[in-house]
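The structure under discussion appears below in the form of structure tokens.
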Amino acid sequence: MRHFDTLRLTISTVAAVAFLVGRAPAQCPADDSFEDNDACGVFSIAPAGLTTGLVLHGAANAGGIDDDFWVIQNVPTGQLLTVDALFTHALGDIDITLYDDAACSVYLSGSASVTDNEQVAGANGTGATKDYYLQVHAYGGSFDCNDYSLQITLAPDPCQQVGLDDSLEENDTCGAAVVLAAGTQTGLFVSTADEDYYKVTVAPGDQVIVDQVYAAATAELGIDLFDDPACTNLVDSASWGGGSNQVVYGNAGAAAADFYLR
149 MRHFDTLRLT
159 ISTVAAVAFL
169 VGRAPAQCPA
179 DDSFEDNDAC
189 GVFSIAPAGL
199 TTGLVLHGAA
209 NAGGIDDDFW
219 VIQNVPTGQL
229 LTVDALFTHA
239 LGDIDITLYD
249 DAACSVYLSG
259 SASVTDNEQV
269 AGANGTGATK
279 DYYLQVHAYG
289 GSFDCNDYSL
299 QITLAPDPCQ
309 QVGLDDSLEE
319 NDTCGAAVVL
329 AAGTQTGLFV
339 STADEDYYKV
349 TVAPGDQVIV
359 DQVYAAATAE
369 LGIDLFDDPA
379 CTNLVDSASW
389 GGGSNQVVYG
399 NAGAAAADFY
409 LR
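Residue numbers (the working numbering): 149 to 410.
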């Protein structure tokens, strides 16, 4: 299976940026209009697009835990389903799980971060229309209630398009590494059978910083940085970053040096 990512190459000093965002309190005294969808097998149909005004109750609620179960119907073959649960984490930690079957026994994707919002995805490569099943659940004994929204998105799965490659191919071996300039490269594709290699030239005294950004719900990716043209001497590595990985290394030599990224 192929996966898609973004590479941002920086040869400079790293700066830190912080953001402060204010939010209003949750308003969730009662069930939403899609109840009762409290158990696997008792699903509500998730509409395409954005659905707002949904409510989740947790262990601290007077009515007890009340997970929500959804079915996303008739996903066409060749399509990538992405589900975003949108909420404010500080008001209650919501996690989501995507299943392949109506018994909620075949796990496809899960998202359980400690930040706002969660995302899962599944690609339909069956050759036929398919249903997917989603569980939205509260985490922690102190969870009372929280409002959330669901965003259901369908798009052609780039990993299933025959003959598709990015514009930097063929760079499938260390010896065929493509020169990567500073800046951002988007729309890149990689698969388990088709790795990508890049070469970066770093001036003496500078450091190379490579940020890889990708959709973790589709697949987890990794990057390795080498300082030799055979890609045998690993100098930095990062993987399973939940949507972003970064490698950093400095050129301490007196001359420009080439580094190789896999």
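No residue lacks a Cβ here, since even glycine has one placed at the ideal position from N, Cα and C.
* Asked: What is the residue span of the beta strand (DSSP E) that Val223 lies within?
  -> Asp216 to Val223
* Helix, strand or coil: which one does DSSP assign to Leu239? -> helix
* Asked: Terminal residues of the continuous beta strand (DSSP E) containing Ser339?
  -> Gly331 to Ser339
* Asked: Is Phe217 closer than 8 Å to Gln283 when the C-beta atoms are compared?
  -> yes
* Asked: Using DSSP with H/G/I as helix, E/B as strand and the rest coil, what is Ala174?
  -> Its pLDDT being 46, under 50, Ala174 is placed unreliably by the model, and nothing is read from it.
* Asked: What does Ile371 pair with, by DSSP beta-bridge criteria?
  -> Ala386
* Asked: Roughly how many whole angstroms lie between the Cα atoms of Val223 and Val231?
  -> 12 Å
* Asked: What first and last residue would you give for the beta strand (DSSP E) that runs through Pro304?
  -> Cys293 to Pro304
* To do: Use the C-beta contact count for Asn381: other C-beta atoms within 10 angstroms, 16 or more gives buried, fewer gives exposed.
  => exposed
* Asked: In terms of residue numbering, what span does the beta strand (DSSP E) encompassing Ser392 cover?
  -> Ser392 to Gly398
* Spatial distance of Gly390 from Val262 (CA atoms) -> 12 Å
* Asked: Buried or exposed: Gly240, going by 16 or more other Cβ atoms within 10 Å of its Cβ?
  -> buried
* Name the DSSP beta bridge partners of Val326, please? -> Tyr346
* Asked: For the putative contact between Asn393 and Ile371, defined by C-beta atoms under 8 Å, what is the C-beta separation to the nearest angstrom?
  -> 5 Å
* Per-residue DSSP class, three states only, for Ala233 -> strand
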